[in-house]
Every structure is written in C-alpha cells, then in structure tokens.
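Asks:
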Amino acid sequence: MIPRFAPTYSYADLLRALSESRLGHGAEDLRQRLAGLFGLKYVFLFEAARVALYALLKAYNRPGGVLMPAYNCIVVPEAVHFAGYRPEFVDIDNDSLNMTVETLSRSMSSRISVVLATHLFGIPCDVEAVKRAVQRYDALVVEDAAPALGAQFRGRLAGTFGDAAVISFHSSKVISAETGGALLTDNEELARRVESLAEASSSPHGNIRTLATGMARKTATRPWIYSAAHRGYRIIRDERMYEVVPGRTERPSAFLKPCPDLSIRLVLRQLDRLNGILGQRRRLAQIYCQELSGLPGLSLPVTPEGSSPAWIQFPIQVGDKRAFYRHMQRHGVDLTWTYRYSCAESYGLDGFPNAQMAAKRVLGLPTHPSLSEVQARYICRVAKTYRASMS
Ligand SMILES: *Cc1c(COP(=O)(O)O)cnc(C)c1O
Numbered sequence: 000m001i002p003r004f005a006p007t008y009s010y011a012d013l014l015r016a017l018s019e020s021r022l023g024h025g026a027e028d029l030r031q032r033l034a035g036l037f038g039l040k041y042v043f044l045f046e047a048a049r050v051a052l053y054a055l056l057k058a059y060n061r062p063g064g065v066l067m068p069a070y071n072c073i074v075v076p077e078a079v080h081f082a083g084y085r086p087e088f089v090d091i092d093n094d095s096l097n098m099t100v101e102t103l104s105r106s107m108s109s110r111i112s113v114v115l116a117t118h119l120f121g122i123p124c125d126v127e128a129v130k131r132a133v134q135r136y137d138a139l140v141v142e143d144a145a146p147a148l149g150a151q152f153r154g155r156l157a158g159t160f161g162d163a164a165v166i167s168f169h170s171s172k173v174i175s176a177e178t179g180g181a182l183l184t185d186n187e188e189l190a191r192r193v194e195s196l197a198e199a200s201s202s203p204h205g206n207i208r209t210l211a212t213g214m215a216r217k218t219a220t221r222p223w224i225y226s227a228a229h230r231g232y233r234i235i236r237d238e239r240m241y242e243v244v245p246g247r248t249e250r251p252s253a254f255l256k257p258c259p260d261l262s263i264r265l266v267l268r269q270l271d272r273l274n275g276i277l278g279q280r281r282r283l284a285q286i287y288c289q290e291l292s293g294l295p296g297l298s299l300p301v302t303p304e305g306s307s308p309a310w311i312q313f314p315i316q317v318g319d320k321r322a323f324y325r326h327m328q329r330h331g332v333d334l335t336w337t338y339r340y341s342c343a344e345s346y347g348l349d350g351f352p353n354a355q356m357a358a359k360r361v362l363g364l365p366t367h368p369s370l371s372e373v374q375a376r377y378i379c380r381v382a383k384t385y386r387a388s389m390s
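Using numbering that gives the first Met the number 0, you'd call the opening residue of the sequence shown number 0 and step up by one each time.
Here is the structure:
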C-alpha cells in the first residue's frame, strides 16, 4: 500500500542524527543554515510552527484580531487564541483553496493586529498582493510557511516577503524531523523580544520522543506493515471525511518548548538534500497535473502565476470524498483527507461556505519524495478508473 505520508529521513539519518546530537552546536548550526537560506537575520527554533507563531504574537504584544484563511490547520487559530489574540477568518477561493485579496480587503479593519499569509499545502499565496491590501493599516504580515519550506513566488522563497514567517518540520511537511519549527524575521525589535521570551522558557529536549516516534513511523510506513495496520484500523472504524472539530481553548502547559536536538540534527542532514526533495515532490505533482487534468468530477489545484510550490501533498477536489477515498484504498493507495474541517466552524462562525465546501471535497495525493514516478503514474491510472466505474 502507498502511504499518504512517509518520513523524508532514513533509518541511517535517525541513527547518525542521534550520535551527532551529542556534539552540541546543532541549534546554532541550524539557525545559521536557515538564516543563510532565507537571507534573514534572525532565526528561532521551537518545538513546532504553532509554537513559533505563539512566541511571535507574545513578543509583538498587540492583542487584537489575527486574520487567516478559514480553511486551515486548526492549530493555527488555537495558537493565536493561546497568545491572547482573537482568531478571525477570511473565506477562501475554491480554485486556489486560499483566501483572496478581495475577501481579505473586506475583512481588514483597524482591529486587526496581524494578517497571516498562508501557503497552504506548500502552494505560495500572492504575498505581495496581501501586503498591498494590508498596507493602509498598521498590521503585521506574517507568512504561515509551515508547509512551504523551499516554495517560491516570483523567484523568491516563501517566508521572505512578510514581517516574519514560521516554518515546520513536523511529520507531514517538506522535510520531516517528527517535530520542530522555526521563526524567521529581519525585525530586530521583535527578535529581541522573542529571544527574551524563549530564554525564559526551559524544558527538557524530548530527544527520546523524537527517536521513538521516528523509528515507529519509519517502520509503520513499510508497505506490508502499513497495509496490515490500515486494514486493522478500518475494521475498528471508518475514517471520518468531514467534521466540526472543537478549537482548544486551554493552552497546554509548557507550550513554549524548544526544538529537540535530535530533530535539529535530522533537519540539518536533510537540508543538504532539500533541492532533491523539492525536485521529486514537483515531479510527482507535475505527473498528477498532466495525467489528471480535464477529468470530469475532479479538480486540480490552481497555483498563482509565478509560483513554484513545495507540495507537501497534491490537493484535489472530488464530489464524493468518501467514495473516491475508498476506491483508491481498494487499489492500495492511501490519501490524506486533510483538512476535513473548517476552522471558522470550530469557532462557531457562519458565513464561510467555501471553506466548508473545501473541507468536504479536498483529498491529498501523496508527494513524499520516496514515491517513484512509476507509482505516481499508477496512482493516476487508479484515479481514472474511478471515473470509469462511475459512468
Ligand atoms: C502544519 C501546519 C501548521 C502547524 O505546524 P506545526 O509545526 O505542526 O505547529 C500551521 N499552518 C499550516 C498551514 C500547516 O500546514
């Protein structure tokens, strides 16, 4: 069975990272590497992108509204809420699956402190247009580049356009290190305040957890183990395709955690082959684009002109999510059903029909770099027989 996600690191990476993590200097090395890659002065490492966002908002200290697309990862509005701000949503456009400048402009007001320019699924949004829409107001533009390490817009890396950016190294992202995230900025004042916040937080580094989940995930994505586990799971329960998830309101204790050393080493090792990882993700996406375009009942993602996505998955929209998902599974292909919710609904807000529609229609084809082009073509063939079996 082809898994929906697979770790981008090898067993050897895990073991080498483990031995290297005792050398020290890992955090300093990674900060320098990322600062060099993005051409930004300040880099902070945390346990996750959501923590980086939380730290940034705490440091900015201008509680008010934080605008973001309603079709989004639920941890984003949660982190905003934990930091003492008010999550506010903008409906999305059903082609690009991201907020449009028109709807963003309509939601802008002086009560908005921060606007999140989200590069959902690693597909860059038009950050320049977002900045133009926001420029009359005194609001910070933060790029949520959690899934977009290496994505480019008009020849520039996503993450280099806003006042600050967050990226993620969690298991479904461009480079996975099980856990980890970074905050990037050129703003000295903000950086100084983030630094004093981060220094005040001290907690254990969690190497053991990274190692344990890393080993477990490597093992669980071996083909026969994966399909056995999957069958077992489906006997117990069916995957839900759409739901209203409640947004958490209580901040977990010790939220402001640093990045484990082992994850730092895993990221460092994989940054050496970032271009290869991105190249393979883009080749797979290109195959999906070519083979699946024009299929009735299936829409492909629309990417902004001049963008080069990082593709943490290839989001397609289908009329009947469950039927398509089951069809692919029967042929040994697992898909992601993210996101199966609208964040606006989690916060009890109506009036975001497109976000809800996306939650009911989007499935993700896998783009992990261990997937071969032959497998991507097989996935396309199977997707096409869904059409045939429907008509
Ligand atoms: C994954 C993701 C996040 C959260 O990243 P973590 O490191 O898991 O906190 C935030 N925003 C978007 C768009 C994401 O895809």
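C-beta atoms are modelled at their ideal positions from N, C-alpha and C, and glycine is treated no differently.
As the structure is a computational prediction, the values presented were derived from the model and not from experiment.
Candidates G318, L270, A309, S306: which alpha carbon is nearest P295's?
Replies: As a working note, residue 295 is residue 296 in the sequence shown. For the residues G318, L270, A309, S306, the minimum Cα distance to P295 belongs to G318.
Asks: Would you give the residue range spanned by the alpha helix (DSSP H) that I207 belongs to?
Replies: Within the sequence shown, residue 207 is the residue found at index 208, counting from 1. Looking at the DSSP string, the run of the alpha helix (DSSP H) that includes I207 is 206-219.
Asks: State the Cα-Cα distance for the pair P365 and R230, rounded to the nearest angstrom.
Replies: To locate residue 365, count along the sequence shown from 1; it is residue 366. To locate residue 230, count along the sequence shown from 1; it is residue 231. Approximately 19 Å, taken between the alpha carbons.
Asks: How would you call E27, buried or exposed, if buried means at least 16 neighbouring beta carbons within 10 angstroms?
Replies: Position 28 of the sequence shown, counted from the first residue, corresponds to residue 27. Looking at its Cβ environment, which holds fewer than 16 other Cβ atoms inside 10 Å, E27 is exposed.
Asks: Indicate, with yes or no, if ligand 1 has a heavy atom lying under 7 Å from the CB of N93.
Replies: Here residue 93 refers to the residue found at position 94 when the sequence shown is read from its first residue. No; taking the cut-off as 7 Å, the Cβ of N93 has no heavy atom of ligand 1 nearer than that.
Asks: Taking all protein chains shown into account, decide if W394 is buried (16 or more other Cβ within 10 angstroms of its Cβ) or exposed.
Replies: Not covered by the structure: residue 394. The range shown for the chain is 0 to 390.
Asks: Check this for me: beta carbons of E46 and G180, under 8 Å apart or not?
Replies: For this step, residue 46 is matched to residue 47 along the sequence shown. For this step, residue 180 is matched to residue 181 along the sequence shown. A contact, by the Cβ cut-off of 8 Å.
Asks: Relative to the C-alpha of K383, which residue among M356, G363, S345, M327 is closest?
Replies: Translated into positions along the sequence shown, residue 383 becomes position 384. Checked all of M356, G363, S345, M327; the closest Cα to K383 is M327.
Asks: Answer with buried or exposed for P222, where buried requires no fewer than 16 other C-beta atoms within 10 angstroms of its C-beta.
Replies: Position 223 of the sequence shown, counted from the start, is the residue given in the question as residue 222. Classification for P222: exposed.
Asks: Could you check whether the Cβ of R208 sits closer than 7 Å to any heavy atom belonging to ligand 1?
Replies: Along the sequence shown, read from residue 1 onward, the residue named residue 208 stands at position 209. No, Cβ of R208 sits at least 7 Å from all heavy atoms of ligand 1.
Asks: Put S167 into one of helix, strand or coil per three-state DSSP.
Replies: Against the sequence shown, residue 167 aligns to sequence position 168. Correct three-state label for S167: strand.
Asks: Alpha carbon to alpha carbon, how far is L261 from A58? Give it in angstroms, no decimals.
Replies: Against the sequence shown, residue 58 aligns to sequence position 59. Against the sequence shown, residue 261 aligns to sequence position 262. Cα to Cα, the separation comes out at about 27 Å.
Asks: Taking the straight line between their C-alpha atoms, what separation do you get for V381 and L370?
Replies: For the purposes of this step, residue 381 is identified with residue 382 of the sequence shown, where counting begins at 1. For the purposes of this step, residue 370 is identified with residue 371 of the sequence shown, where counting begins at 1. Cα to Cα, the separation comes out at about 16 Å.
Asks: List the residues that DSSP assigns as beta-bridge partners of G180.
Replies: What you label residue 180 is simply residue 181 of the sequence shown in a count that begins at 1. Beta-bridge partners assigned by DSSP to G180: F45, S167.
Asks: Within 10 Å of its beta-carbon, does T178 have 16 or more other beta-carbons around it, so buried, or fewer, so exposed?
Replies: Counting from one through the sequence shown, the residue named residue 178 turns up at place 179. Buried: at least 16 other Cβ atoms inside 10 Å.
Asks: Could you check whether the Cβ of K57 sits closer than 7 Å to any heavy atom belonging to ligand 1?
Replies: Reading the sequence shown from its first residue, position 58 is the one you call residue 57. No, the Cβ of K57 stays beyond 7 Å of every heavy atom of ligand 1.
Asks: Pick helix, strand or coil for G154, following the three-state DSSP scheme.
Replies: Counted from its first residue, the sequence shown places residue 154 at position 155. For G154, the three-state secondary structure derived from DSSP is coil.
Asks: Hey, quick one: how far does the beta strand (DSSP E) through I315 stretch, first residue to last?
Replies: Along the sequence shown, one-based indexing puts residue 315 at 316. Per DSSP, the continuous beta strand (DSSP E) segment holding I315 begins and ends at 313-317.
Asks: Rounded to the nearest angstrom, what separates L255 and T248 at their Cα positions?
Replies: Residue numbering aside, residue 255 sits at position 256 when the sequence shown is read from its first letter. Residue numbering aside, residue 248 sits at position 249 when the sequence shown is read from its first letter. Going by the C-alpha atoms only, they are around 16 Å apart.
Asks: Name the DSSP bridge partner or partners of I1?
Replies: To locate residue 1, count along the sequence shown from 1; it is residue 2. The bridge partners DSSP lists for I1 are V332.
Asks: For V126, which three-state DSSP category applies?
Replies: One-based indexing of the sequence shown puts residue 126 at position 127. If DSSP states are grouped into helix, strand and coil, V126 belongs with the helices.
Asks: Does DSSP put F88 in a helix, a strand or coil?
Replies: Mapped onto the sequence shown, residue 88 falls at position 89. Note: F88 maps to strand in three-state DSSP.
Asks: Considering only the beta carbon of each residue, do Y377 and F323 sit closer than 8 Å?
Replies: Within the sequence shown, the letter at position 378 stands for residue 377. Within the sequence shown, the letter at position 324 stands for residue 323. Result no, Cβ atoms of Y377 and F323 do not sit closer than 8 Å.
Asks: For P146, verify whether its CB is less than 7 Å away from any heavy atom of ligand 1.
Replies: Within the sequence shown, residue 146 is the residue found at index 147, counting from 1. At least one heavy atom of ligand 1 is nearer than 7 Å to the Cβ of P146, so yes.
Asks: Considering Cα atoms alone, identify which of R32, L36, G347 is closest to G149.
Replies: Position 150 of the sequence shown holds residue 149. For the residues R32, L36, G347, the minimum Cα distance to G149 belongs to L36.
Asks: Determine the contact status of P300 and L96, defining contact as a CB-CB distance below 8 Å.
Replies: As a first step, residue 300 is located in the sequence shown; it is residue number 301 there, counting from the start. As a first step, residue 96 is located in the sequence shown; it is residue number 97 there, counting from the start. In this structure, P300 places its C-beta atom within 8 Å of the C-beta atom of L96.
Asks: Here's the rule I'm using: 16 or more other beta-carbon atoms within 10 Å means buried, otherwise exposed. How should R239 be labelled?
Replies: For this step, residue 239 is matched to residue 240 along the sequence shown. Exposed: under 16 other Cβ atoms inside 10 Å.
Asks: Would you mind giving the Cβ-Cβ distance between A54 and A197, rounded to the nearest angstrom? I have them listed as a contact below 8 Å.
Replies: Within the sequence shown, numbered from 1, the residue matching residue 54 stands at position 55. Within the sequence shown, numbered from 1, the residue matching residue 197 stands at position 198. Right, the Cβ-Cβ distance comes to about 6 Å (below 8 Å), so this counts as a contact.
Asks: What span of residues does the beta strand (DSSP E) with V140 cover, start to end?
Replies: Position 141 of the sequence shown, counted from the start, is the residue given in the question as residue 140. Its beta strand (DSSP E) spans residues 139-143.
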